[in-house]
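S.K.:
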Amino acid sequence: MAGRSVIEYISKGPRYPNWTLGMQLAVDTLTASFVYMRPGNRLTFTEETFDRAKLHEAIQVLRNMPVDVSHSLGKFRSVDWETHANKKRDVLTKDIFYEEEFIPIADRIEKELTESRKLFAEVAVHDDVMAKLVTSGASEEEIFDLSPLSKKEVILVHYHGGSYCHLCPGAYRRAMFDMSKATGYRVFVPDYRLAPDHPFPAGVLDGAEFYFYLLDRGFEAKNIIIMGDSAGGNLVLVLLEIFKRANCDQPRGCIPFSPWSDLNPSADSYQRNKKYDFLTMGSLDNVLCGSRLYLAPGEPLGEKITNLLKNPLVSPVYGSFDGCAPIYMQSGEVELLVDEIDEMSKVLNAKERFIAGPKHGGFTDAQKRAKNIYEKYSGMVHIFFIIQDAAETYAAIEGVGNFARKLESEHQN
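If you want this note's numbering, it's the 1-based position in the sequence shown plus 1041.
1. In chain order, what residues of the same chain have a beta carbon less than 6 Å from the beta carbon of Phe1117, not counting five sequence neighbours either side?
2. Buried or exposed for Gly1211, please, with buried defined as at least 16 other CB atoms from any protein chain shown within 10 angstroms of its CB.
3. To which residues does DSSP link Lys1159 through a beta bridge?
4. Per DSSP, what kind of secondary structure is Glu1416 in: helix, strand or coil?
5. Going by the beta-carbon positions, is the gap between Lys1409 and Phe1395 smaller than 7 Å?
6. I believe Glu1433 touches Ala1391 by the beta-carbon criterion, under 8 Å. Please report the beta-carbon distance rounded to the nearest angstrom.
7. Roughly how many whole angstroms lie between the Cα atoms of Gly1462 and Phe1086?
8. Could you please give the first and the last residue of the uninterrupted alpha helix (DSSP H) stretch that includes His1097?
9. With DSSP as the reference, identify every bridge partner of Glu1393, one or two as the case may be.
10. With distances taken Cα to Cα, identify the nearest neighbour of Leu1276 among Met1220, Tyr1200 and Leu1235.
11. Tell me Met1370's beta-bridge partners as DSSP assigns them.
12. What is the residue span of the alpha helix (DSSP H) that His1199 lies within?
13. Pick helix, strand or coil for Ala1308, following the three-state DSSP scheme.
14. Suppose the cutoff is 8 Å on Cβ atoms and the five residues either side in sequence are ignored; what does the same chain contact list for Lys1316 look like?
15. Relative to the alpha-carbon of Leu1336, which residue among Leu1354, Glu1181 and Phe1319 has its alpha-carbon at the smallest distance?
16. How long is the line joining the alpha carbons of Val1279 and Ile1150, rounded to whole angstroms?
17. Are there 16 or more other CB atoms within 10 angstroms of the CB of Val1062, so buried, or fewer, so exposed?
18. Hey, how far is the Cα of Ala1243 from the Cα of Gly1044?
19. For the alpha helix (DSSP H) that contains Ile1438, what are its first and last residues?
20. Can you tell which of Tyr1435, Glu1381 and Ala1411 has its C-alpha closest to the C-alpha of Lys1447?
21. Tell me where the alpha helix (DSSP H) around Val1170 begins and ends.
22. How big is the Cα-Cα spacing for Leu1071 and Lys1128?
23. In the structure shown, what three-state DSSP assignment does Gly1269 receive?
24. Helix, strand or coil for Lys1116? Go by DSSP, reduced to three states.
25. Mapping the DSSP letters down to three states, classify Ala1179 as helix, strand or coil.
26. Pull the bridge partners of Pro1297 from the DSSP assignment, please.
27. Classify Thr1224: buried if its beta carbon has 16 or more other beta carbons within 10 angstroms, exposed otherwise.
28. Here's the rule I'm using: 16 or more other beta-carbon atoms within 10 Å means buried, otherwise exposed. How should Ala1236 be labelled?
29. With DSSP collapsed to three states, give me the class of Val1328.
30. Tell me, please, whether the region 1240 to 1254 touches the region 1167 to 1181 by the rule of three or more beta-carbon pairs shorter than 8 Å.
31. Could you tell me if Arg1130 is buried or exposed, where buried requires 16 or more neighbouring beta carbons within 10 angstroms of its beta carbon?
32. Pull the bridge partners of Val1279 from the DSSP assignment, please.
33. Helix, strand or coil: which one does DSSP assign to Val1108?
34. Out of Leu1281, Ser1307, Tyr1311 and Gln1291, state which residue places its alpha-carbon closest to the alpha-carbon of Ser1361.
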């Protein structure tokens, strides 16, 4: 595969004008990996033959993909935590799910709201940040705990992507070291349960439980920045809506990377950008479509699913974000989801800024005044911040640091 990519690059030039050879190799490697490992490419199920046990077995290869960071400039540690173990989470009630489309899954919602579970989160810290924390008096045990190091400590909480069906916190370790360095913060990456074993609203409620767990440990909402990529980007936008419905404190800020904003895969960019992006997205007609596995695994495509697809707790593009935390959203110019992310930017009333090259350059005067910010990166694919051979990756990570400092300035004023 690598040989073919190199030959194509040399003989035909880059697939997109600003792609380096390393970028093209990274995209082709990701494409080949996902084509091979996605169950939809190895299993043929219909609604009649859908087998959750076989799917569970086939999907495991995409759920345990930790990145080797033994030679990276950072450290991580896994920490266990438990849901339903504090009073702050008591605002999570069935009243949040008040629309009619939730009636068919009312029993499922009730179960998720009442049954406790044990999960884990990874704490990731860049070596530079670690050195500063140790100098300030923190021990390594304290640094890799889920408690605040001081009353005013600000942290990042990143919810991983993977169509609510795949991946794990460990897949993002290197990128989280980058985010830690860019901001100077510790990064917490919580695990959450995945479909089809645990369909909606399991994942988003696990995400909400972790937020309230941190509040109970002593963090203040105004010192938590939530972020997520792809399905994790969907999750953090949904969390803002949940917090608003629950009438509880919003976090300091929210950073969705390439957010899966509309779970109805119908945007033109799904076809237009297939030749560039490593991401694949099945049609709703396919029982293995990620949206269907997340909402109603194995069930026929009918009103139960189509009605849920238009609810803001499923597809945030149908939501309203007045009264929510400030949002800094990024997308790639040639990713499959870019059209729906553009629509999401309209919902947020965030004017697009186009960025090319390795330098972010700071926010424009208009962005500094804006509550919500949207940036689109030249020639970039889905969740491009994980691709180290893309120049724009460095601009995007720098942008995260700039957003953190923008929020810091606003909280000081």
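Where is the CB? At the ideal position from N, CA and C, for every residue including glycine.
M.R.: With the given structure in hand:
1. Glu1163, Ala1165 and Arg1214
2. buried
3. Glu1123
4. strand
5. no
6. Not confirmed; about 19 Å, so no contact.
7. Only positions 1042 to 1454 of the chain appear in the structure, and residue 1462 is not among them; the question remains open.
8. Arg1093 to Ile1100
9. Tyr1415
10. Tyr1200
11. Tyr1415
12. Taken as a continuous stretch (DSSP letters only), His1199 belongs to no alpha helix (DSSP H), being part of the beta strand (DSSP E) at Ile1196 to Tyr1200.
13. coil
14. Arg1056
15. Leu1354
16. 15 Å
17. In the sequence as displayed, the identity of residue 1062 is Leu instead of Val. Per the 10 Å Cβ criterion, exposed.
18. 42 Å
19. Ala1432 to Gln1453
20. Ala1411
21. Asp1168 to Thr1176
22. 42 Å
23. strand
24. strand
25. coil
26. Gly1269
27. buried
28. buried
29. coil
30. no
31. buried
32. Per DSSP, none; premise fails for Val1279.
33. coil
34. Leu1281
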